[in-house]
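For what it's worth, my numbering labels the leading residue of the sequence shown as 419, then goes sequentially. The beta carbon of each residue, even a glycine, is placed where N, CA and C say it ideally should be. It should be emphasised that the depicted structure is a prediction, and the values quoted were computed from it without experimental measurement. All remarks here apply to the structure that follows.
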Amino acid sequence: MQLFLDTANLDEIQEIAAWGVLDGITTNPSLVVKEKRDFKKLVQEICKIVSGPVSAECVSEDLEGMLKEGRDIATWAENVVVKVPLTPAGLGACKQMSKDGIKVNVTLCFSVNQALLAARAGAYFVSPFVGRLDDINQDGSDLVSQIAEMYHIQALDTQVLAASIRTPMHVQQAALGGADACTMPFKVFKQLVSHPLTDAGLEKFLADWKSAKAAV
Ligand code: E4P
Numbered sequence: 419m420q421l422f423l424d425t426a427n428l429d430e431i432q433e434i435a436a437w438g439v440l441d442g443i444t445t446n447p448s449l450v451v452k453e454k455r456d457f458k459k460l461v462q463e464i465c466k467i468v469s470g471p472v473s474a475e476c477v478s479e480d481l482e483g484m485l486k487e488g489r490d491i492a493t494w495a496e497n498v499v500v501k502v503p504l505t506p507a508g509l510g511a512c513k514q515m516s517k518d519g520i521k522v523n524v525t526l527c528f529s530v531n532q533a534l535l536a537a538r539a540g541a542y543f544v545s546p547f548v549g550r551l552d553d554i555n556q557d558g559s560d561l562v563s564q565i566a567e568m569y570h571i572q573a574l575d576t577q578v579l580a581a582s583i584r585t586p587m588h589v590q591q592a593a594l595g596g597a598d599a600c601t602m603p604f605k606v607f608k609q610l611v612s613h614p615l616t617d618a619g620l621e622k623f624l625a626d627w628k629s630a631k632a633a634v
């Protein structure tokens with residue numbers, strides 16, 4: 419499963435990129451406005467730091483506007499992926515852009531049937547939102563594994579990108595459920611590496627090493 423950061427913050431991206439395990443980035447309009455930067459320049463900077471897919475979202479709601487916007491976004495960098503919402507206009511835009519070879523991430527997916535539509539529209543990624551389903555007492559992780567299973571049964575190529583991740587447990591469940599990628603906030607990415615036994619073990623190894631050196 420590819421590991422993506424869900425952020426538009428360059429410091430966060432640089433910090434995790436240095437670990438060597440960052441496969442891509444997802445942004446959304448809410449994350450972009452927090453950075454108070456020009457959208458295009460920000461996405462282009464992100465695309466220079468990370469060579470994998472970087473999703474940038476359209477804000478138009480109608481088909482024509484989305485196509486115009488999406489086709490422009492697609493020229494910003496080689497690794498940019500155009501993000502559209504799972505609406506009738508989003509599906510139409512996805513179909514047309516995919517035909518032209520543009521990679522599209524269909525976002526705000528909350529059901530297996532929506533994921534089927536996204537795949538039939540040629541989506542490169544579909545983004546089921548795990549945390550937002552959990553928020554309304556539905557199992558978001560279950561949805562991820564159901565979509566992965568349905569794509570397998572139907573031999574559909576669209577990649578499942580688990581999104582709206584709130585906890586390390588969501589990441590683990592996405593990986594075990596067959597997601598192709600998982601995008602998570604900086605805080606959750608950092609939680610993945612931490613374990614108290616790793617810290618305690620390292621502390622002991624280094625203390626033993628130092629005391630042995632001191633005795634020589
Ligand atoms: C996905 O691409 C979205 O940016 C994202 O994961 C939304 O997550 P949230 O529900 O935490 O806002």
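Report all residues from its chain with a CB closer than 8 Å to the CB of residue i; omit the five preceding and five following residues, and keep chain order.
i: serine 529; result: Leu561
i: aspartate 557; result: Leu551
i: glutamate 463; result: Leu428
i: isoleucine 431; result: Leu423, Thr425, Leu440, Ile443, Ile464, Ile467 and Val468
i: alanine 537; result: Val544, Tyr569, Gln572, Leu574, Asp575 and Thr576
Spatial neighbours of residue i within its chain, please: C-beta separation below 6 Å, excluding the five flanking residues on both sides.
i: lysine 521; result: Val499 and Tyr542
i: alanine 533; result: Cys527, Val544 and Ile565
i: lysine 513; result: Ala539 and Gly540
i: methionine 568; result: Val530
i: asparagine 446; result: Glu475
i: isoleucine 434; result: Leu423, Leu440 and Phe607
i: glutamine 609; result: Pro586
Go through its chain and collect everything with a Cβ distance to residue i's Cβ below 7 Å, but skip five positions before and after it.
i: glycine 377; result: The displayed coordinates of the chain run from 419 to 634. Any statement about residue 377 would go beyond what the structure contains.
What are the complete beta strand (DSSP E) segments, minimum 3 residues, inside the stretch 476–529?
-> You should have 498–503 and 522–527.
Any 3 or more C-beta pairs closer than 8 Å across the stretch 465–472 and the stretch 495–515 = Yes: the two stretches touch, three or more of their Cβ pairs being nearer than 8 Å.
Of all residues in the structure, which have a C-beta closer than 6 Å to any heavy atom of the ligand E4P, taken in chain order?
-> Selection output, chain order preserved: Asp424, Thr444, Asn446, Thr525, Ser545, Phe547, Gly549, Arg550, Ala581, Ser582 and Thr601.
Cβ pair count under 8 Å reaching 3, the stretch 614–624 against the stretch 581–600 = Segments in contact, no.
Would you call the stretch 622–634 and the stretch 448–466 in contact, with 3 or more CB pairs under 8 Å?
-> By the Cβ test, the stretch 622–634 is not in contact with the stretch 448–466, since fewer than three Cβ pairs between them sit closer than 8 Å.
Enumerated in chain order, which unbroken segments of the alpha helix (DSSP H) with a length of 4 residues or greater are wholly contained in the stretch 439–470?
-> The stretch 439–470 contains these whole alpha helix (DSSP H) runs: 447–452 and 457–467.
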